[in-house]
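The sequence shown runs 1 to 405 under UniProt numbering.
Don't be surprised by glycine CBs; every beta carbon is placed ideally from N, CA and C.
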Amino acid sequence: MILAGYCNINFMSQPLLSIIIATKNRSKYCFESVKSILLALGANCELAIQDNSDTNELEQLLDNIADPRIKYNYTNSALSFVANFNQAMENSTGKFFCILGDDDSITPDILNIVEWMDHNHIESVCSANNVEYIWPNDKIERYKDGELNIPPYSGTKKRLDLLDSLHKLIVLDGTLNYQSYCLPRTYHGIVKRSVFDLVKHKTGHYFGGLTPDIYSTIALTCITKEHYVIDYPFTIAGACPASASVANMTGGHSGRLDDAPHFRNRGDYVWEAEIPKYYSVETIWAETALKALREMGENTLASRINLYKFLTYGIYANRKYIFRLTLSETMNLYKVLNMNQVAFYGKLYISIAYVVGAGLLKKGFKKLTSKRSPIFSKKRINDLNQAIYEVNQYLLSNKITFKDE
Numbered sequence: 001m002i003l004a005g006y007c008n009i010n011f012m013s014q015p016l017l018s019i020i021i022a023t024k025n026r027s028k029y030c031f032e033s034v035k036s037i038l039l040a041l042g043a044n045c046e047l048a049i050q051d052n053s054d055t056n057e058l059e060q061l062l063d064n065i066a067d068p069r070i071k072y073n074y075t076n077s078a079l080s081f082v083a084n085f086n087q088a089m090e091n092s093t094g095k096f097f098c099i100l101g102d103d104d105s106i107t108p109d110i111l112n113i114v115e116w117m118d119h120n121h122i123e124s125v126c127s128a129n130n131v132e133y134i135w136p137n138d139k140i141e142r143y144k145d146g147e148l149n150i151p152p153y154s155g156t157k158k159r160l161d162l163l164d165s166l167h168k169l170i171v172l173d174g175t176l177n178y179q180s181y182c183l184p185r186t187y188h189g190i191v192k193r194s195v196f197d198l199v200k201h202k203t204g205h206y207f208g209g210l211t212p213d214i215y216s217t218i219a220l221t222c223i224t225k226e227h228y229v230i231d232y233p234f235t236i237a238g239a240c241p242a243s244a245s246v247a248n249m250t251g252g253h254s255g256r257l258d259d260a261p262h263f264r265n266r267g268d269y270v271w272e273a274e275i276p277k278y279y280s281v282e283t284i285w286a287e288t289a290l291k292a293l294r295e296m297g298e299n300t301l302a303s304r305i306n307l308y309k310f311l312t313y314g315i316y317a318n319r320k321y322i323f324r325l326t327l328s329e330t331m332n333l334y335k336v337l338n339m340n341q342v343a344f345y346g347k348l349y350i351s352i353a354y355v356v357g358a359g360l361l362k363k364g365f366k367k368l369t370s371k372r373s374p375i376f377s378k379k380r381i382n383d384l385n386q387a388i389y390e391v392n393q394y395l396l397s398n399k400i401t402f403k404d405e
């Protein structure tokens, strides 16, 4: 394990760490995740679960565990995706927190990292890469028996210049693949609660926009002072058959904007004008990023988004499923923005010509979306417990010394 010596358990009224899960209608997977997470949590931690399922089936399953570290809340009235996450955050009390999906898990090293953060007054930490576990899925041949991938890691830690990184993300890359920048994140990251409370104080909520992960990343980047990237995995990113990751693999996250599930139970929502109105991962992320910047008072930075690069890659990324819709909404964006048509088309064509002519379209897109090849990969991993056992065995047998980069 890394950070040895910082894992002494101190009993206190406020939990040191909250693992937070917001779930809906996936009790089977969530229950398995809960059991695995509890095995790695200390006595001074809590597992806060916010359930907005159609039934309280998960509550009945959790009653069989009866673990005092579980804080479960069931809301039977329909909540939006974002509202469910806001409620989950409200239900938690830990000094630090980490949000997971309901098919994810953690490694025991997460406690060492939180103790180290607390000891050194560090506000935020993210990992350069997570362990990935794809649950068995009959609809995708490659994953019909499940697959576990452990990324390469070195144990280095690096303090990130957040303002510089945020500038590059918005001005140079137009919000494309924000996860590669390793900014503060609530989802699969660790954040000090008092910092996120400042976001709520400024905006009126913890999460806004249409998707909690990028909203919180952008908002936290605006105010976090001490953020470190560590090259060591402490969470396990699951992808069950009902997950967003799997839907994205099969084109389920693309189409007309009216069909996007993000708008359910949101009431009237004002879409940021700069983003073309089609449903895709890229447009939902970019729209929410702009929303976060503006709600955090970063209007100047929001106005400097590399719009044409975003539009170029948006067309390319969605060419397989919704090419006509993507092209149509993009080409008509000048009307929404009240721009000169010739000027708009000219800048867009120049952007397209540049990335195509320089051979950067496929190469650049691959760079933005690529992950490091795993150093450990194993198929036929039939359940989460088996995956976690394999992860723990590998990490224990391949110990590293935690060090500065």
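* To do: Could you give the DSSP three-state label for S373: helix, strand or coil?
  => Within the sequence shown, residue 373 is the residue found at index 373, counting from 1. Reduced to three states, the DSSP call for S373 is coil.
* Asked: If you draw a straight line from the C-alpha of L396 to the C-alpha of I236, how long is it?
  -> As a position in the sequence shown, residue 396 is number 396, starting the count at 1. As a position in the sequence shown, residue 236 is number 236, starting the count at 1. Whole-angstrom Cα-Cα distance: 16 Å.
* Which of helix, strand or coil DSSP assigns to H119 -> By 1-based counting over the sequence shown, the position of residue 119 is 119. The three-state secondary structure of H119, taken from DSSP, is helix.
* To do: Go to Y269, then tell me how far its beta strand (DSSP E) extends in each direction, as first and last residue.
  => Here residue 269 refers to the residue found at position 269 when the sequence shown is read from its first residue. Neither: Y269 is in no beta strand (DSSP E) and is coded neither H nor E.
* Exposure label - L47; buried when at least 16 CB within 10 Å -> For the purposes of this step, residue 47 is taken as the residue at position 47 of the sequence shown. It is buried - the Cβ of L47 has at least 16 other Cβ atoms within 10 Å.
* Would you give the residue range spanned by the beta strand (DSSP E) that T217 belongs to? => On the sequence shown, residue 217 is found 217 positions in, with the first residue counted as 1. The continuous stretches of beta strand (DSSP E) do not include T217, which lies in the alpha helix (DSSP H) extending over residues P212 to I223.
* **Three-state class that DSSP yields for L148 in the structure shown** => Within the sequence shown, numbered from 1, the residue matching residue 148 stands at position 148. It is a strand residue.
* Along the chain, which unbroken stretches of the beta strand (DSSP E) at least 3 residues long are found entirely within the stretch 40–65? -> 45–51
* What number of angstroms, rounded off, separates the C-alpha of F96 from the C-alpha of A289? -> For the purposes of this step, residue 96 is identified with residue 96 of the sequence shown, where counting begins at 1. For the purposes of this step, residue 289 is identified with residue 289 of the sequence shown, where counting begins at 1. Rounded to the nearest angstrom, the two C-alpha atoms are 24 Å apart.
* **8 Å Cβ cutoff, P151 in contact with chain D** => Among the chains of the structure shown, chain D does not appear; only one protein chain is present.
* **Nonlocal neighbours in the same chain, by C-beta distance under 6 Å from A22, ignoring five residues either side** => By 1-based counting over the sequence shown, the position of residue 22 is 22. Q50, N84, F85 and A88.
* Among residues of its own chain, excluding the 5 on either side of I122, which ones have a beta-carbon nearer than 7 Å to its beta-carbon? -> To locate residue 122, count along the sequence shown from 1; it is residue 122. Within the same chain, I122 has close Cβ partners E226 and Y228.
* Can you tell me the Cβ-Cβ gap for S18 and G94, rounded? I've got them flagged as a contact below 8 Å. => Reading the sequence shown from its first residue, position 18 is the one you call residue 18. Reading the sequence shown from its first residue, position 94 is the one you call residue 94. Indeed, because the Cβ distance is near 3 Å, the residues count as touching under 8 Å.
* Asked: Using the C-alpha atoms, what's the distance from N112 back to K403?
  -> For the purposes of this step, residue 403 is taken as the residue at position 403 of the sequence shown. For the purposes of this step, residue 112 is taken as the residue at position 112 of the sequence shown. Approximately 14 Å between the Cα atoms of the pair.
* Do you know how far the Cα of K347 is from the Cα of C45? -> Position 45 of the sequence shown, counting from 1, holds the residue named residue 45. Position 347 of the sequence shown, counting from 1, holds the residue named residue 347. Approximately 52 Å between the Cα atoms of the pair.
* Cβ atoms of I400 and S154: under 8 Å apart, would you say? -> The sequence position of residue 154 within the sequence shown is 154, counting from 1. The sequence position of residue 400 within the sequence shown is 400, counting from 1. A contact, by the Cβ cut-off of 8 Å.
* Compute the distance between the beta-carbons of I375 and I150, then report whether it is under 8 Å. => For the purposes of this step, residue 375 is taken as residue 375 along the sequence shown, with counting starting at 1. For the purposes of this step, residue 150 is taken as residue 150 along the sequence shown, with counting starting at 1. Their beta carbons are under 8 Å apart, which means I375 touches I150 by this criterion.
* Does the stretch 189–197 come close enough to the stretch 254–266 that 3 or more CB-CB pairs lie under 8 Å? -> no
* To do: Measure the CB-CB distance between L333 and P276 and report whether it falls below 8 Å.
  => Taking the first residue of the sequence shown as position 1, residue 333 is located at position 333. Taking the first residue of the sequence shown as position 1, residue 276 is located at position 276. A contact, by the Cβ cut-off of 8 Å.
* Note down the Cα distance separating D109 from F234, rounded to an integer number of angstroms. => Looking up residue 109 in the sequence shown gives position 109. Looking up residue 234 in the sequence shown gives position 234. For D109 and F234, the distance between alpha carbons rounds to 6 Å.
* To do: Might you give, ordered along the chain, the residues of its own chain that have their beta carbon closer than 6 Å to the beta carbon of T211, omitting 5 neighbours on each side?
  => Residue 211 sits at position 211 when you count from the first residue of the sequence shown. Excluding sequence neighbours, T211 sits near I284 and T288.
* Beta-carbon proximity check, I305 vs G204, cutoff 8 Å -> On the sequence shown, position 305 is the one that residue 305 refers to. On the sequence shown, position 204 is the one that residue 204 refers to. No, the pair does not count as a contact, with Cβ atoms beyond the cut-off.
* Rounded separation between L183 and T217 - CA only -> To locate residue 183, count along the sequence shown from 1; it is residue 183. To locate residue 217, count along the sequence shown from 1; it is residue 217. Taking the straight line joining both Cα atoms gives about 6 Å.
* To do: Quick one: measure Cβ to Cβ for E390 and L148, integer angstroms, because I've assumed they're closer than 8 Å.
  => The sequence position of residue 390 within the sequence shown is 390, counting from 1. The sequence position of residue 148 within the sequence shown is 148, counting from 1. Rounded, the Cβ-Cβ distance is 6 Å, consistent with contact.
* To do: Less than 8 Å between the CB atoms is what I'm expecting for G189 and A292, so what's the real figure, rounded?
  => Locating residue 189 in the sequence shown gives position 189, where the first residue counts as 1. Locating residue 292 in the sequence shown gives position 292, where the first residue counts as 1. In fact, because the Cβ distance is near 16 Å, the residues do not count as touching under 8 Å.
* To do: Check I400 in the structure and name its three-state DSSP category.
  => Start at 1 with the first residue of the sequence shown, and residue 400 comes out as number 400. I400: coil per DSSP, three-state reduction.
* Report yes if the CB atom of F81 is closer than 8 Å to the CB atom of H253, and no otherwise. => Taking the sequence shown and counting its residues from 1, the one referred to as residue 81 is at position 81. Taking the sequence shown and counting its residues from 1, the one referred to as residue 253 is at position 253. No; because the gap between Cβ atoms is not below 8 Å, this pair is not in contact.
* **Three-state class that DSSP yields for R264 in the structure shown** => If you number the sequence shown from 1, residue 264 lands on position 264. Here R264 sits in coil by DSSP.
* For A78, which option in R69, G297 and S53 has the closest C-alpha, if you only look at C-alpha atoms? -> Numbered from its first residue, the sequence shown carries residue 78 at position 78. The residue with the shortest Cα to Cα distance from A78 is S53.
* State the CB to CB distance for the pair R256 and L325, rounded to an integer number of angstroms; the pair is presumed to be in contact (CB under 8 Å). => Counted from its first residue, the sequence shown places residue 256 at position 256. Counted from its first residue, the sequence shown places residue 325 at position 325. With 8 Å as the limit, R256 and L325 qualify as a contact, their Cβ atoms being about 7 Å apart.
* Where N304 falls: helix, strand or coil (DSSP) -> On the sequence shown, residue 304 is found 304 positions in, with the first residue counted as 1. With the sequence shown as reference, residue 304 is identified as Arg, and Asn is not the correct amino acid for it. DSSP places R304 in coil when its eight states are reduced to three.
* Residue range of the unbroken beta strand (DSSP E) whose run includes S127 -> Start at 1 with the first residue of the sequence shown, and residue 127 comes out as number 127. Note, S127: beta strand (DSSP E), S124 to S127.
* Asked: How would you call residue 410, buried or exposed, if buried means at least 16 neighbouring beta carbons within 10 angstroms?
  -> What the structure shows of the chain is the stretch from 1 to 405, and residue 410 is not part of that stretch, so it cannot be assessed.
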